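Data first, discussion second: the structure below is written as structure tokens.
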Amino acid sequence: MPFDERPFLVFWELTRACLLRCAHCRAVAQLERHPGELSTDEGRRLIDALVDLGRPRVILTGGDPLMRPDFFDLVDYAVRQGLSVSVTPSVTPKVTEDVIRKAKAAGIARWAVSLDGATADVHDGFRGVPGTFDRALRLLGWLKAYGLPAQVNTTVTRRNVHQLEAIAERIADYDIVLWSVFFLVPTGRARMEEMLDARETEAVFARLYALDQTMPYAIKTTEAHHYRRYVLQQKARELGRPASTLSFQAFAQRKRAGQGAVDDGIGRAPDGLRDGAGVVFISHIGDVFPSGFLPVKAGNVREAPLGEIYRRSPVFRALRNPDGFGGKCGVCDFRHICGGSRARAYAVSGDMLAAEPTCAYIPPAWTRRIAEQKAGGAR
Numbered sequence: 001m002p003f004d005e006r007p008f009l010v011f012w013e014l015t016r017a018c019l020l021r022c023a024h025c026r027a028v029a030q031l032e033r034h035p036g037e038l039s040t041d042e043g044r045r046l047i048d049a050l051v052d053l054g055r056p057r058v059i060l061t062g063g064d065p066l067m068r069p070d071f072f073d074l075v076d077y078a079v080r081q082g083l084s085v086s087v088t089p090s091v092t093p094k095v096t097e098d099v100i101r102k103a104k105a106a107g108i109a110r111w112a113v114s115l116d117g118a119t120a121d122v123h124d125g126f127r128g129v130p131g132t133f134d135r136a137l138r139l140l141g142w143l144k145a146y147g148l149p150a151q152v153n154t155t156v157t158r159r160n161v162h163q164l165e166a167i168a169e170r171i172a173d174y175d176i177v178l179w180s181v182f183f184l185v186p187t188g189r190a191r192m193e194e195m196l197d198a199r200e201t202e203a204v205f206a207r208l209y210a211l212d213q214t215m216p217y218a219i220k221t222t223e224a225h226h227y228r229r230y231v232l233q234q235k236a237r238e239l240g241r242p243a244s245t246l247s248f249q250a251f252a253q254r255k256r257a258g259q260g261a262v263d264d265g266i267g268r269a270p271d272g273l274r275d276g277a278g279v280v281f282i283s284h285i286g287d288v289f290p291s292g293f294l295p296v297k298a299g300n301v302r303e304a305p306l307g308e309i310y311r312r313s314p315v316f317r318a319l320r321n322p323d324g325f326g327g328k329c330g331v332c333d334f335r336h337i338c339g340g341s342r343a344r345a346y347a348v349s350g351d352m353l354a355a356e357p358t359c360a361y362i363p364p365a366w367t368r369r370i371a372e373q374k375a376g377g378a379r
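Quick note on numbering: the UniProt record's numbering labels position 355 of the sequence shown as 355, and the sequence is numbered without any gaps.
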């Protein structure tokens, strides 16, 4: 799927207001809403713009989108315009059984629940509010009862990496469609020292790959695009074929040999999807970014049409050209499938086109380049 003309996923941050105090919050959420948030009318106009962009999949996020009193008005308008709308509200007392019932009736495609630990002490330590762990499990039970497709989001850091298998088992009984494992990007409140290094990340890839063979739901990674490389390498070994002949998307759609494609409610992401290439983020005040984790502003929907920003911004155009990436990413044989986390590259180096800092793979072309440079220096 070409991403030059239209995005695949649109994240819209309705507000930065939230009742939680999450240690890794990229939005640095506050208790009160910002007075400059897009109004309801501006929100409807943005939804119209998304229709013109070919109806990409829309994720309403925050902060906590339920902090906006017009939340369901905007959902209703978007669904009536034919958009697939998923939501990622915070797990607070605002989420009641009645809200889930109303969300199901409104036609919400998926509700994401954050669970960052297999135990209350780890999860509540992340979220900064006691009781959030129990509330999250209760919410998953409601979603299952009302048949509203549920996704679990887990952010992997040094404080919870030891609990991944336990989290996977904990959520297996709730009929979720997807476990999205976020790899920390040190932006917002997230700290660099909580981020896994390349060796630790590769070890987590192996664990996720093993879990994907047995869990009853799909598993994907967020801001760990190099997991696609890992999966293709493993499948190539198993099939005795070159990884270059395989499609990550095809394998992501199949759970085990002999089983059909997994329908996770909104379809699986195409190969090459990443920040700015198929992904766009609109902030609570209308600023447009490649993603919520990559704070390089490309424009504002109050000043220019979203489609124009997405198609013509130098920021987005650069991110859609993996041949222009720096370091080993720019010559990697998996660059058009992966491309690395541009957000993490920016957070670590200040350059969104720099090499992915948590990838352990050394491309053959990079090895040759280093050897040539050493040989040239020795003359």
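Note that CB positions come from ideal geometry on N, CA and C, so glycine has one too. As the structure is a prediction and not an experimental result, all values here were calculated from the model.
Helix, strand or coil: how does DSSP classify THR155 here?
-> Indexing the sequence shown from 1 puts residue 155 at position 155. Of the three classes helix, strand and coil, the one that applies to THR155 here is strand, per DSSP.
Continuous beta strand (DSSP E) stretch holding ARG57: start and end | Reading the sequence shown from its first residue, position 57 is the one you call residue 57. Start and end: 57 to 61.
Does DSSP put ALA105 in a helix, in a strand, or in coil?
-> The sequence position of residue 105 within the sequence shown is 105, counting from 1. ALA105: helix per DSSP, three-state reduction.
First through last residue of the alpha helix (DSSP H) which encompasses THR201 | Taking the first residue of the sequence shown as 1, we reach residue 201 at position 201. Element bounds for THR201: 198 to 212.
Once you ignore the five residues that flank VAL87 on each side, which residues in its own chain have a CB closer than 8 Å to its CB?
-> Locating residue 87 in the sequence shown gives position 87, counting from the first residue. Here the set comprises ILE59, LEU60, THR61, PRO65, VAL75, ALA103, ILE108, ARG110, TRP111 and ALA112.
So, do the stretch 357 to 370 and the stretch 195 to 204 have three or more beta carbon pairs nearer to each other than 8 Å?
-> yes
To the nearest angstrom, report how far apart GLU32 and CYS18 are at their CA atoms.
-> Counting from 1 along the sequence shown, the entry for residue 32 is found at position 32. Counting from 1 along the sequence shown, the entry for residue 18 is found at position 18. Their backbone Cα atoms lie some 7 Å apart in a straight line.
When the Cα atoms are used, what is the spatial distance from LEU46 to PHE183?
-> Taking the first residue of the sequence shown as 1, we reach residue 46 at position 46. Taking the first residue of the sequence shown as 1, we reach residue 183 at position 183. The straight-line gap from Cα to Cα measures roughly 29 Å.
What are the start and end residues of the alpha helix (DSSP H) that includes ALA145?
-> As a first step, residue 145 is located in the sequence shown; it is residue number 145 there, counting from the start. That run of the alpha helix (DSSP H) goes 132 to 146.
Boundaries (first-last residue) of the alpha helix (DSSP H) holding THR40 = One-based indexing of the sequence shown puts residue 40 at position 40. Residues 40 to 52.
Between which two residues does the beta strand (DSSP E) containing SER86 stretch?
-> Here the question's residue 86 lines up with position 86 in the sequence shown. Per DSSP, SER86 belongs to the beta strand (DSSP E) from 85 to 87.
Going by the C-beta, is VAL85 closer than 6 Å to any heavy atom of the ligand NAP?
-> Because no ligand of any kind appears in the structure shown, any question about the ligand NAP cannot be addressed here.
Within its chain, find whatever has a CB closer than 6 Å to the CB of GLY260; leave out the 5 residues flanking it on each side and keep chain order.
-> Working through the sequence shown from its first residue, we reach residue 260 at position 260. Interpretation of GLY260 is limited by its pLDDT of 35, a score under 50 that renders its predicted location unreliable; the figure taken from the coordinates is listed afterwards. Taken in chain order, the list of residues that qualify is empty.
Range covered by the beta strand (DSSP E) that runs through PRO282 | Working through the sequence shown from its first residue, we reach residue 282 at position 282. Contrary to the premise, residue 282 reads as Ile rather than Pro in this sequence. ILE282 -> beta strand (DSSP E) spans 278 to 282.
First and last residue of the uninterrupted beta strand (DSSP E) at GLU13 | What you label residue 13 is simply residue 13 of the sequence shown in a count that begins at 1. For GLU13, the enclosing beta strand (DSSP E) stretches over residues 9 to 13.
Where ASP287 falls: helix, strand or coil (DSSP) | Walking along the sequence shown from the start, residue 287 turns up at place 287. Reduced to three states, the DSSP call for ASP287 is strand.
Does the pairing of the stretch 170 to 177 with the stretch 215 to 234 give three or more beta-carbon distances under 8 Å?
-> yes
Classification of VAL51 by the beta-carbon crowding that lies within 10 angstroms, buried from 16 upward = In the sequence shown, counting from the first residue as 1, residue 51 sits at position 51. Around the beta-carbon of VAL51, fewer than 16 other beta-carbon atoms lie within 10 Å, marking it exposed.
SER349 in three-state terms, based on DSSP | Along the sequence shown, one-based indexing puts residue 349 at 349. Looking at SER349 - three-state DSSP - the assignment turns out to be helix.
Should GLN213 be flagged as near chain D, meaning a C-beta pair shorter than 7 Å?
-> In summary, chain D is missing from the structure at hand, where a single protein chain is found.
Distance between ASN321 and ALA345 (C-alpha atoms, nearest Å) = By 1-based counting over the sequence shown, the position of residue 345 is 345. By 1-based counting over the sequence shown, the position of residue 321 is 321. Roughly 15 Å separates the two Cα atoms.
Extent of the continuous alpha helix (DSSP H) run through ASP315 | To locate residue 315, count along the sequence shown from 1; it is residue 315. Looking at the sequence provided, one finds Val at residue 315 rather than Asp. Residues 314 to 319.
Could you please give me the residues that DSSP links to GLN30 through a beta bridge?
-> Taking the sequence shown and counting its residues from 1, one reaches residue 30 at position 30. Paired residues: ALA17.
At which residues does the beta strand (DSSP E) containing ILE219 begin and terminate?
-> As a first step, residue 219 must be located in the sequence shown, where it is residue number 219. Looking at the DSSP string, the run of the beta strand (DSSP E) that includes ILE219 is 218 to 222.
So what does ALA112 bridge to, in DSSP terms?
-> In the sequence shown, counting from the first residue as 1, residue 112 sits at position 112. Residue pairing by DSSP places ALA112 opposite GLN151 in a beta bridge.
Check each candidate in LEU211, PRO357, ALA198 and ARG127 and name the one with the smallest Cα separation from ILE167.
-> Position 167 of the sequence shown, counted from the start, is the residue given in the question as residue 167. Selected option, being the one with the closest Cα: LEU211.
Span of the beta strand (DSSP E), counted from its first residue to its last, around VAL181 = Taking the sequence shown and counting its residues from 1, one reaches residue 181 at position 181. Looking at the DSSP string, the run of the beta strand (DSSP E) that includes VAL181 is 178 to 183.
Alpha-carbon to alpha-carbon, GLU37 and GLY98 = As a position in the sequence shown, residue 98 is number 98, starting the count at 1. As a position in the sequence shown, residue 37 is number 37, starting the count at 1. Note on identity: in this sequence residue 98 is Asp, with Gly being the wrong assignment. Near 27 Å, if we compare the C-alpha coordinates of GLU37 and ASP98.
Using three-state DSSP, classify LEU232 as helix, strand or coil.
-> Position 232 of the sequence shown holds residue 232. Of the three classes helix, strand and coil, the one that applies to LEU232 here is helix, per DSSP.
Enumerate in chain order the residues of its own chain whose CB-to-CB distance from THR187 is below 6 Å, with the five nearest sequence positions on each side excluded.
-> Counting from one through the sequence shown, the residue named residue 187 turns up at place 187. Excluding residues within five positions, the ones whose Cβ falls inside 6 Å are ARG26, PHE293 and ALA347.
Can you say whether PRO2 is buried or exposed, counting buried as having 16 or more other CB atoms within 10 angstroms of its CB?
-> In the sequence shown, residue 2 corresponds to position 2, counting from 1. Exposed: under 16 other Cβ atoms inside 10 Å.
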